[in-house]
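In this note's numbering, the protein residues as written are 11 to 226.
Working notes for the structure below.
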């Protein structure tokens with residue numbers, strides 16, 4: 011359907027794009043871990059800058075994919091589906107960069123009572139993105155429908171876990187003795203982090219439709 015046997019350049023760029031998103035999330039995770047241990051220092055700022063560079067790389071590859079797709083002899087519907095999958099996945103790297111920028115520019119310090127749950131939420135988010143990338147590569151390849159369904163189900167489960175942690179952290183924030191302005195800022199950060207798995211779930215929903223269309 012997608013003529014990928016003759017368009018290995020497309021597959022290579024898609025693989026590069028997915029890798030850049032995973033690397034961006036890994037840098038994000040490292041930056042948050044450093045922040046929780048050391049606060050906002052030069053090392054944290056360097057990690058923020060590295061995440062920005064990786065997010066920019068993902069954007070560059072996304073634009074290259076768009077250019078290649080429009081040059082290749084793909085059906086318009088096929089081209090549109092692939093581009094939508096790329097756009098949905100790209101939200102992940104964007105979200106990572108956005109959160110770190112907010113933490114750095116607003117000098118946000120995460121209170122200790124949130125540390126454990128934030129680290130767990132990010133750990134689950136990494137697993138969720140890994141599952142999403144595996145599903146995306148599977149849809150583009152020859153993965154069995156059952157395996158794709160299992161990965162999508164795993165993504166949904168990860169998103170639910172993060173939702174539970176999100177609610178737990180927000181309750182803890184508003185039970186604390188912090189000032190209201192700080193509570194609202196921390197709530198926003200928690201929701202932003204939770205948005206990573208939300209993006210994964212949205213992309214996974216589309217992938218299921220994409221995969222069904224490929225089987226028709």
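Glycine included, C-beta positions come from ideal geometry on N, C-alpha and C.
From a predicted model like this one, the values you see are computed outputs, not experimental measurements.
In terms of residue numbering, what span does the alpha helix (DSSP H) encompassing residue i cover?
i           : result
residue 154 : Residue 154 -> no alpha helix (DSSP H), and no H or E assigned at all.
residue 76  : 52 to 81
residue 40  : 18 to 48
Short of 6 Å in beta carbon distance, which residues of its chain neighbour residue i, apart from the five on each side in sequence? Order them along the chain.
i           : result
residue 76  : none
residue 207 : 135, 138, 168, 169 and 172
residue 194 : none
residue 89  : 79
residue 112 : none
residue 148 : 158
Should residue i go down as buried or exposed, given a rule of 16 or more other Cβ atoms within 10 Å for buried?
i           : result
residue 185 : exposed
residue 53  : exposed
residue 35  : buried
residue 61  : buried
residue 219 : exposed
residue 63  : exposed
residue 49  : exposed
residue 126 : exposed
residue 15  : Any reading at residue 15 must be qualified, since the residue scores a pLDDT of 49, below 50, and its modelled position is unreliable; no value is offered.
residue 203 : buried
residue 92  : buried
residue 222 : exposed
residue 189 : exposed
residue 214 : buried
residue 187 : exposed
Near residue i, which residues of its chain fall below 8 Å by C-beta distance, leaving aside the five closest residues on each side in sequence?
i           : result
residue 140 : 32
residue 55  : 114
residue 216 : 94, 95 and 98
Once you ignore the five residues that flank residue i on each side, which residues in its own chain have a CB closer than 7 Å to its CB?
i           : result
residue 211 : 165, 166 and 169
residue 72  : 27, 96 and 100
residue 41  : 54, 57, 58, 61 and 110
task: Could you tell me whether the stretch 41 to 52 touches the stretch 112 to 124, where touching means 3 or more Cβ pairs closer than 8 Å?
output: Contact annotation: the stretch 41 to 52 touches the stretch 112 to 124, with at least three C-beta pairs closer than 8 Å.
task: At 4 residues or longer, and completely inside the stretch 88 to 162: list those alpha helix (DSSP H) runs for me, N to C.
output: Counting only runs of 4 or more, we get 122 to 150.
- request: Count the C-beta pairs between the stretch 102 to 111 and the stretch 153 to 164 that are closer than 8 Å, then say yes if the count reaches three, no if not.
  value: With the cut-off at 8 Å, the stretch 102 to 111 and the stretch 153 to 164 do not touch.
- prompt: Between the stretch 19 to 31 and the stretch 90 to 101, are three or more C-beta pairs nearer than 8 Å?
  reply: Contact between the stretch 19 to 31 and the stretch 90 to 101 is present: three or more C-beta pairs spanning the two stretches fall below 8 Å.
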